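Engineer: The following block contains the structure, expressed as structure tokens.
In our numbering, the protein residues as written are 3 to 197.
Below is the structure:
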């Protein structure tokens, strides 16, 4: 929506005099719209320290980002800099900072293979100092079967049919006729069975 001459005049005359909320209410515009317009008109958008609108990045903050972007995760950076997630990510993009890929070591892969299905994903990711998404992705790449429970081994109907070399329908019929005990779990909109 375009700005009228009267609105621009009001903004220019009252920018330093009235609080931002009052200007926004009077003009009937969003906060972002008013701030962008004030910036384009050459008005000081940092106004009063107590009513900080747009916090500019300092050289020290940039240096902290450069020094720690690869070693710290996003949450500590946000806390150290007192910035939002979006602000930190945008500044990293502006400074051409990228996270270096951390390749999996043989020890990490062995640990994942040995503990998949025994420990839950959160425990594994904490031990390996990786995100749960990274652990799940690596498990998928290693063709580890889907982890439903972390309290021991489980066998799916398909897995049992492969072991016994019989049709999977026989397993399902045995389950639903009460010959095999099982538990059902909702996993990504599908029901998975543990026998």
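Even for Gly, the Cβ is constructed at its ideal location relative to N, Cα and C.
All values reported here derive from a predicted model rather than from experimental measurement.
1) Using the Cα positions of residue 67 and residue 93, report the straight-line distance between them to the nearest angstrom.
2) Whole alpha helix (DSSP H) runs in the stretch 68 to 148 with 4 or more residues, listed along the chain?
3) Could you check the C-alpha separation between residue 72 and residue 79 for me, to the nearest Å?
4) Within 10 angstroms of its Cβ, does residue 114 collect 16 or more other Cβ (buried), or is it exposed?
5) Figure out for me which residue from 163, 61, 45 and 116 has the closest Cα to the Cα of residue 141.
6) Check each candidate in 84, 119, 112 and 76 and name the one with the smallest Cα separation from residue 101.
7) Compare the C-alpha of residue 30 against each of 62, 10 and 144 and name the closest.
8) Any idea if residue 172 is buried or exposed, counting beta-carbon neighbours within 10 angstroms, 16 or more meaning buried?
9) Would you report the Cα separation of residue 137 and residue 118, rounded to the nearest angstrom?
10) Can you grab the Cα-Cα spacing for the pair residue 123 / residue 59, in whole Å?
11) Could you pull out every residue in the same chain whose Cβ sits closer than 7 Å to the Cβ of residue 90, ignoring the five residues on either side in sequence?
12) My parser needs the alpha helix (DSSP H) runs of 4 or more residues fully inside the stretch 5 to 45; what are they?
13) Classify residue 168: buried if its beta carbon has 16 or more other beta carbons within 10 angstroms, exposed otherwise.
14) Does residue 47 come out as helix, strand or coil in the three-state DSSP assignment?
15) Would you decide whether residue 159 is buried or exposed? Buried here means 16 or more other CB atoms lie within 10 Å of its CB.
16) In terms of alpha-carbon separation, which member of 65, 183, 106 and 134 lies closest to residue 96?
17) Do you know whose CA, among 180, 182 and 99, lies nearest residue 70's CA?
Structural biologist: Taking the coordinates as given:
1) 8 Å
2) 76 to 83, 87 to 96, 108 to 117, 123 to 130 and 134 to 143
3) Spanning the two alpha carbons is a distance of roughly 10 Å.
4) Buried: at least 16 other Cβ atoms inside 10 Å.
5) Nearest of 163, 61, 45 and 116 to residue 141, Cα basis: 116.
6) Nearest of 84, 119, 112 and 76 to residue 101, Cα basis: 76.
7) 10
8) A residue is called buried once 16 or more other Cβ atoms fall within 10 Å of its Cβ, and residue 172, having fewer, is exposed.
9) 10 Å
10) Near 37 Å, if we compare the C-alpha coordinates of residue 59 and residue 123.
11) 76, 79, 80 and 83
12) Those alpha helix (DSSP H) runs which fall completely within the stretch 5 to 45 and span 4+ residues are 7 to 16, 22 to 29 and 33 to 42.
13) So residue 168 ends up on the exposed side.
14) Coil.
15) buried
16) 65
17) The option with the nearest alpha carbon to residue 70 is 99.
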